[in-house]
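Protein chains: 2
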Amino acid sequence: MNIGDISKATGLPAKTIRYYEEIGLIRPARGANGYRHFSETDLHNLTFLGRARSLGFSIEECRALLALYTDKDRASADVKQIARVHLAQIDAKIAELQAMRATLAELVSACAGDQRPDCPILKGLAGEG
Amino acid sequence: MNIGDISKATGLPAKTIRYYEEIGLIRPARGANGYRHFSETDLHNLTFLGRARSLGFSIEECRALLALYTDKDRASADVKQIARVHLAQIDAKIAELQAMRATLAELVSACAGDQRPDCPILKGLAGEG
DNA sequence: CCTTGACCTTCCAGCGACTGGAGGCCCTAT
DNA sequence: ATAGGGCCTCCAGTCGCTGGAAGGTCAAGG
């Protein structure tokens, strides 16, 4: 399979696949013409990477997960540890966004939103709120 | 006030303040020795920027908000519009993270996390789940 | 056989919002 | 005179791509 085929199969842009090779996540073979040639294993690995990325794992976390995925003697504890750390990061991010959301929603609801210049949102941002 | 003083007063790193000048968010005066000199207005503007950034507004949104903050003839509707768009973005981001969180939490809870290699997390990422 | 167009290649630059560090000037206190 | 801290500019790096330029390759149609 060429990069276009694998791109369609995985849903990942060709640019992204080349980038993953560049940073050493995958090592596709090369044909005589210099084209990348992707095996079934490459397909599995890229699918895996795509899903891991869509769950918000960083590239380095993906690298570690992929190594564990490839290592048939891994301990599931190692995988779970990475996942738990990431889950905690997601929770922290959600909490941060919810705090922002609460403050912002309060300011928005206090603002008349008409033609007058008086604006509780700006006052709040300026520290008068 | 020099940059160190304003940094303490606003809580923003000096590097960030220089960066804000570089991209035209602020225009502090300069002393004969080349040092930046910050007025009370600069202090207010930087405080405003710090709060807006901490609510997740992008730099360009901050630029627009600061312009409205400075313009005493603004309509509060313009401010509210920016804030509402941002609020919607935050909500979208929260929803995205919660979806990730749900999937990930499910995988984590299904994983024994022991010394055996069998791992529902890896299976899920591979698409077997 | 030639051309067209889709596909592939590499390399370089840019996004957002800083952050770190090098190298050097300035100011105050001892 | 010197030591220290603070200030200056400029360059490079972060993360994960993404866009574009310049050019090689391949299959189909005339």
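First to last, the sequence lines map onto chains A and B.
Every letter in the first sequence is one number past the one before it in my numbering, and letter 46, counting from 1, is 60.
Every letter in the second sequence is one number past the one before it in my numbering, and letter 73, counting from 1, is 87.
Glycine included, each C-beta is placed from N, C-alpha and C at the ideal position.
Predicted model only: the values in this text are computed from it and were never measured.
At the level of alpha carbons, what is the spacing between residue i and residue j?
{"i": "B:G18", "j": "B:A28", "result": "7 Å"}
{"i": "B:A66", "j": "B:C76", "result": "6 Å"}
{"i": "B:I20", "j": "A:L101", "result": "37 Å"}
{"i": "A:V99", "j": "A:F52", "result": "32 Å"}
{"i": "B:I37", "j": "B:H58", "result": "18 Å"}
{"i": "A:G25", "j": "A:A119", "result": "36 Å"}
{"i": "B:Y83", "j": "A:R130", "result": "13 Å"}
{"i": "B:A97", "j": "B:I73", "result": "13 Å"}
{"i": "A:E142", "j": "A:I40", "result": "54 Å"}
{"i": "A:Q112", "j": "B:I108", "result": "7 Å"}
{"i": "B:G138", "j": "A:A46", "result": "36 Å"}
{"i": "B:T117", "j": "A:T117", "result": "28 Å"}
{"i": "A:A140", "j": "B:D85", "result": "14 Å"}
{"i": "A:T30", "j": "A:E54", "result": "18 Å"}
{"i": "B:A106", "j": "A:D87", "result": "40 Å"}
List the DSSP bridge partners of residue i.
{"i": "A:R44", "result": "A:R50"}
For chain A, check one thing: does any of its Cβ atoms lie closer than 9 Å to the Cβ of residue i?
{"i": "B:F52", "result": "no"}
{"i": "B:K94", "result": "yes"}
{"i": "B:K107", "result": "yes"}
{"i": "B:L39", "result": "no"}
{"i": "B:R65", "result": "yes"}
{"i": "B:R98", "result": "yes"}
{"i": "B:G18", "result": "no"}
Kindly indicate if chain B contains any beta-carbon less than 9 Å away from that of residue i.
{"i": "A:R88", "result": "yes"}
{"i": "A:M15", "result": "no"}
{"i": "A:R130", "result": "yes"}
{"i": "A:R21", "result": "In the sequence on display, residue 21 of chain A carries Ser and not Arg. Not an interface residue."}
{"i": "A:R77", "result": "no"}
{"i": "A:T61", "result": "yes"}
{"i": "A:G25", "result": "no"}
{"i": "A:A117", "result": "Ala is not the amino acid found at residue 117 of chain A; the sequence shown has Thr there. It does; some Cβ of chain B falls within 9 Å."}
{"i": "A:I73", "result": "no"}
{"i": "A:Y34", "result": "no"}
{"i": "A:I31", "result": "no"}
{"i": "A:G141", "result": "yes"}
{"i": "A:Y49", "result": "no"}
{"i": "A:A126", "result": "yes"}
{"i": "A:A157", "result": "As shown, chain A starts at 15 and ends at 143. That puts residue 157 of chain A outside it, with no answer to give."}
{"i": "A:G45", "result": "no"}
Leaving out five residues on either side along the sequence, give the residues of the same chain with a beta carbon under 6 Å from the beta carbon of residue i.
{"i": "A:C133", "result": "C125"}
{"i": "B:A91", "result": "none"}
Find the nearest neighbour of residue i within the set the options, judged by alpha-carbon distance.
{"i": "A:R6", "options": "A:R32, A:L39, A:G64", "result": "No answer is possible for residue 6 of chain A: it lies beyond the span of chain A, which begins at 15 and ends at 143."}
{"i": "A:I104", "options": "B:Q103, B:A106, B:D105, B:E110", "result": "B:E110"}
{"i": "A:A81", "options": "A:T30, A:F62, A:K137, A:M114", "result": "A:F62"}
{"i": "A:A89", "options": "B:S90, B:D128, B:G138, B:N16", "result": "B:D128"}
{"i": "B:L60", "options": "B:A23, B:K137, B:T117, B:A140", "result": "B:A23"}
{"i": "A:L69", "options": "B:R115, B:A140, B:M15, B:K137", "result": "B:R115"}
Give me, in chain order, the residues of the same chain whose beta-carbon lies closer than 8 Å to that of residue i; leave out the 5 immediate sequence neighbours on both sides.
{"i": "A:V122", "result": "I135"}
{"i": "A:L79", "result": "F62, A66, F71, V93, I96"}
{"i": "B:N160", "result": "Residue numbering for chain B in the displayed model covers 15 to 143; residue 160 of chain B lies beyond these limits and cannot be assessed."}
{"i": "A:G64", "result": "T24, G25, L26"}
Sorted by chain position, which residues of the same chain lie with C-beta nearer than 7 Å to residue i's C-beta, five sequence neighbours on each side aside?
{"i": "A:P42", "result": "E35, R50, H51, F52, D56"}
{"i": "A:R44", "result": "R50, H51"}
Is residue i near the ligand MG, going by C-beta to nearest heavy atom under 8 Å?
{"i": "B:L118", "result": "Looking for the ligand MG in the displayed structure turns up nothing, as the structure carries no ligands at all."}
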